[in-house]
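Sequence lines, in order, name chains A and B. Per my numbering, the very first residue in the first sequence carries number 800; after that it's consecutive. Per my numbering, the very first residue in the second sequence carries number 43; after that it's consecutive. Read the structure below first, then the notes.
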Amino acid sequence: MKILVCISHVPDTTSKINFTENGTKFDTTGVQFIIGPYDDYALARAIELKEAIPGTLVTVINIGPAETESTIRKALAIGADDAIRVNADPTDSFFVASQIAEHAKGYDLILMGRESIDYNGGVVHAMVGELLGIPSLSPVMKLEIDGSKVKMEREIEGGHENVEANLPLVAGCQEPIAEWKIPNMRGIMSARTKPLKVVEPKAVDKTVVVQKFELPPAKGAIRMISADNVAELVTLLKTEAKVL
Amino acid sequence: MSVLVFVEVGEGKIRKTSLEAVAYANALEAGEVVAVALGSIEAAELSSVGKYGATKVLHVTDARLDKPVIQVYASVLTKAMQDENADILVLANSSLGTPVAAKVAIKTNASFVSNVVDVPNTANGFVVKRSIYTGKAFSFVELKNQKKVLALKKNAAEAKEISGAITVTPYAISLNEADFNTTTTAIEKATGDILLPEAEIVVSGGRGLKGPEHWGILEDLAKALHAGTGCSKPVSDLGWRPHHEHVGQTGVKVAPQLYIAVGISGAIQHLAGVNSSKVIVVINKDADAPFFKAADYGIVGDAFDILPKLTAAVKASH
Ligand SMILES: Cc1cc2nc3c(=O)[nH]c(=O)nc-3n(C[C@H](O)[C@H](O)[C@H](O)COP(=O)(O)OP(=O)(O)OC[C@H]3O[C@@H](n4cnc5c(N)ncnc54)[C@H](O)[C@@H]3O)c2cc1C
Ligand SMILES: Nc1ncnc2c1ncn2[C@@H]1O[C@H](COP(=O)(O)O)[C@@H](O)[C@H]1O
């Protein structure tokens, strides 16, 4: 089986977000980049399937500039066999999905995260499925291969559904689909020599353009209430905050 | 010209977030607002969307649509956009709506933006504000194509009642067998509960509550407030609460009027799921808990002491 895992290169979840150049550029000062947390689940499930099904190959793909290669190498260290980097800024979901679809033909299973934690589109999987004409499901919490069939559990509002589809398919993953994997020394050493192919992007018409970024307004001061006077909180929520 | 709105049905009712989508479509002032509903639902419930600005509802009654198949829904909405001569499709972000929107956008060659938080600025092009970096920032995005698809975050528009006449029309459409490319074999839903992503008040508990057997005091408060209940990630990881209650960066993002956090430290990944809340109350026995920095009101104290008192105070105020 051939599995393609799509990984985004995103600021660590603890990062403070800032912008420079009049709110037109993301400020990378002091920011650590990681494999998207949901993409990490997708990768972990792919590696589990590779261990369970002999002959399985796992390729990772990222759409990003040269800086993302350290993140790609980490995915190789975790156990992917080879990697593709599409050399372009991942400007929007449709652009990213179009690039992935271009390289995804021939793969049985395309695993992604449920969403990227920078763009939060939650849509690249659906777009890739649409572009390839194959089923796509997200967010998937469990995924088992049963011959040519895939049995999944998908989270829905206030619950979950069991859903089946045939290979090939696209799945956007989230916990508890697999446990995050940490690269070991051997993995890190072997990742250095695993193939990482760099390709130029396919031309895609721009359908959306980001004009600028903005931070939310700063939070006002907190009002503390004594533990001996809990009723005051209820009064304030009614009369001051007007949310009750 | 018309604006199409996909209204989602849950438990026989139109979702509140879908009513916001209808109000949003009306605020665009870009033509007649036509709602599309799929699957079994009472006509009276359907016509209620008229109060939010829709003048027509297209209803596809085929029972095969009662179990949502994303691909089928996408094809129906694509056809409806053509039939209604609609350039814009609006719907609410959800596990169904968001992927459906993405597919319709590709089928119709539309510009597509999800996570939209406000009505567009059309002074110069068509520019929407969307939430990025898990609520830590916003971006302003211009939609270039003539056709546009918008998936809204909760509270992108207020579902205000206005008066208006509405017609509910059966919409006959032949479904394409090939679109049934996924099969739902079972659905498990917590019935009767207030859906977390839509709740106006959320009461959440963390590891400070010490164990699942102590959730009763939190649920008592939630009941008194008609609130949904949430939890921190370790709480669902430990199996104390179901996974769909887990709030945060890697869980549900909530946007209630009031979020009450009890025994939650306020790790940045948890805050990422609650930063769209209007008012945040934190109850924690540690005065240095980071959550206080993100809160509007705080009580330093033991949850086991404060929660019953707070519940009593809420009941007394009714
Ligand atoms: C990539 C990544 C993603 C993550 N995503 C999420 C996420 O989506 N959501 C999430 O919640 N976490 C997430 N986490 C985990 C997060 O970092 C924290 O570990 C977690 O939020 C802590 O949960 P907690 O506050 O319940 O527990 P703790 O940190 O253990 O805090 C318990 C709190 O309870 C207080 N307390 C104890 N006893 C009492 C009492 N009797 N009365 C009142 N207060 C009491 C303590 O003072 C303390 O502040 C993520 C972590 C990573 C690395
Ligand atoms: N630049 C990228 N390169 C490769 N995969 C990506 C990229 N951006 C997003 N993805 C994948 O698409 C998923 C959904 O992203 P999004 O639709 O942006 O929320 C992510 O979890 C990744 O698996």
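For each residue, glycine too, the CB sits at the ideal point set by N, CA and C.
When you compare each of B:Ala266, B:Asp125, B:Ser318 and B:Asp160 to tyrosine 66 of chain B by their alpha carbons, which one comes out closest?
B:Asp160
Given that a residue counts as buried once 16 or more other Cβ atoms are within 10 Å of its Cβ, and exposed if not, what is alanine 851 of chain A?
exposed
By a C-beta neighbour count over all protein chains shown, 10 Å radius and 16 as the cutoff for buried, is lysine 121 of chain B buried or exposed?
buried
Along the chain, which unbroken stretches of the beta strand (DSSP E) at least 3 residues long are found entirely within the region 269–336 of chain B?
270–273, 300–304 and 321–326
For methionine 926 of chain A, I'd like the list of residues in its chain whose CB is within less than 7 Å of its CB, leaving aside the five on either flank, ordered along the chain.
Ser892, Phe893 and Ala896
Does at least one heavy atom of ligand 2 sit under 7 Å from the Cβ of glycine 835 of chain A?
Look at glycine 835 of chain A: its beta carbon is less than 7 Å from one of the heavy atoms in ligand 2.
Check whether chain B comes within 8 Å of proline 836 of chain A, counting only Cβ atoms and requiring the distance to be less than that.
yes
Segments assigned alpha helix (DSSP H), at least 4 residues, entirely inside the region 841–895 of chain A
Secondary structure remark: continuous alpha helix (DSSP H) runs of at least 4 residues inside the region 841–895 of chain A, in chain order: 868–877.
Ignoring anything shorter than 3 residues, give me the beta strand (DSSP E) runs that lie fully in the region 115–172 of chain B, in order along the chain.
128–134 and 153–158
Just the C-alpha distance for methionine 988 of chain A and arginine 283 of chain B, rounded to the nearest angstrom, thanks.
When the Cα atoms are used, methionine 988 of chain A and arginine 283 of chain B turn out to be separated by approximately 40 Å.
Ends of the alpha helix (DSSP H) at valine 64 of chain B?
58–69
Is it buried or exposed for glutamate 62 of chain B, if we count other Cβ within 10 angstroms and need 16 for buried?
buried
The region 1006–1023 of chain A: positions lying closer than 8 Å to chain B by Cβ:
Thr1006, Val1007, Val1008, Val1009, Gln1010, Lys1011, Phe1012, Glu1013, Leu1014, Pro1015, Lys1018, Gly1019, Ile1021, Arg1022 and Met1023
Report the residue from A:Leu936, A:Val809, A:Val1007 and A:Leu908 whose alpha carbon sits nearest the alpha carbon of aspartate 839 of chain A.
A:Val809
Can you tell me whether valine 78 of chain B sits near ligand 2, meaning its C-beta is under 7 Å from at least one heavy atom of the ligand?
no
Taking only runs of the beta strand (DSSP E) that begin and end inside the region 202–250 of chain B, which ones reach a length of at least 3 residues, in chain order?
209–212, 225–231 and 243–247
What are the boundary residues of the alpha helix (DSSP H) that histidine 924 of chain A is part of?
For histidine 924 of chain A, the enclosing alpha helix (DSSP H) stretches over residues 923–931.
For alanine 841 of chain A, is the classification buried or exposed, using 16 other Cβ atoms within 10 angstroms of its Cβ as the cut-off for buried?
buried
Determine, for alanine 1026 of chain A, whether the minimum Cβ-Cβ distance to residues of chain B falls below 8 Å.
yes
Against threonine 224 of chain B, what residues of chain A qualify as contacts under a CB-to-CB distance less than 8 Å, listed in chain order?
Pro934, Leu936, Val962, Glu963 and Ala964
Just to confirm my understanding: we take lysine 801 of chain A, look at its own chain, exclude 5 residues before and 5 after, and list those with CB closer than 6 Å. What are they?
The answer, listed in chain order, is Leu856, Tyr906 and Asp907.
Looking only at its chain, what residues have a beta carbon closer than 6 Å to the beta carbon of serine 285 of chain B, apart from the 5 residues adjacent to it on each side?
Inspection of the sequence shows that residue 285 of chain B is occupied by histidine rather than by serine. Once the five neighbours on either side are set aside, the close Cβ partners of histidine 285 of chain B are Ser278.
Sort out for me which residues DSSP pairs aspartate 945 of chain A with in a bridge.
According to DSSP, which records beta bridges pairwise, aspartate 945 of chain A is partnered with A:Lys948.
Between threonine 211 of chain B and the rest of its own chain, which residues show a CB-CB distance below 8 Å, the 5 nearest in sequence each way excluded?
Lys98, Val99, Leu100 and His101
Taking Cβ positions only, does histidine 285 of chain B come closer than 8 Å to chain A?
yes
Just grab the DSSP bridge partners of isoleucine 909 of chain A for me.
A:Leu803 and A:Val969
Closer than 9 Å, Cβ to any Cβ of chain B: which residues of the region 882–906 of chain A, in chain order?
Asp891, Ser892, Phe893 and Ala896
Proline 141 of chain B: buried (16+ other C-beta within 10 angstroms of its C-beta) or exposed?
Under this definition proline 141 of chain B is a buried residue.
Which partner residues does glycine 958 of chain A have in the DSSP bridge list?
A:Ile955 and B:Lys231
For the alpha helix (DSSP H) that valine 356 of chain B lies in, which residues bound it at each end?
Here the alpha helix (DSSP H) through valine 356 of chain B covers 345–359.
Strictly under 8 Å for the Cβ-Cβ distance: is isoleucine 976 of chain A near chain B by that measure?
no
Nearest-angstrom Cα separation, counted from glycine 971 of chain A out to alanine 105 of chain B:
27 Å
Collapsed DSSP secondary structure at proline 1022 of chain A in the structure displayed:
In the sequence on display, residue 1022 of chain A carries arginine and not proline. Three-state result, arginine 1022 of chain A: strand.
Residues whose Cβ lies closer than 5 Å to any heavy atom of ligand 1, in chain order
A:Thr812, A:Pro836, B:Gly248, B:Arg249, B:Gly250, B:Ser274, B:Lys275, B:Pro276, B:Gly290, B:Gln291, B:Thr292, B:Gly293, B:Gly305, B:Ile306, B:Ser307, B:Ala309, B:Gln311, B:His312, B:Asn326, B:Lys327, B:Asp328, B:Ala331, B:Asp344 and B:Ala345
Same chain only: Cβ atoms within 7 Å of threonine 819 of chain A, ignoring 5 sequence neighbours per side
Within the same chain, and ignoring the five residues on either side of threonine 819 of chain A in sequence, the residues whose Cβ sits closer than 7 Å to its Cβ are Asp826.
If you run the structure through DSSP and keep just helix, strand and coil, what is lysine 265 of chain B?
helix
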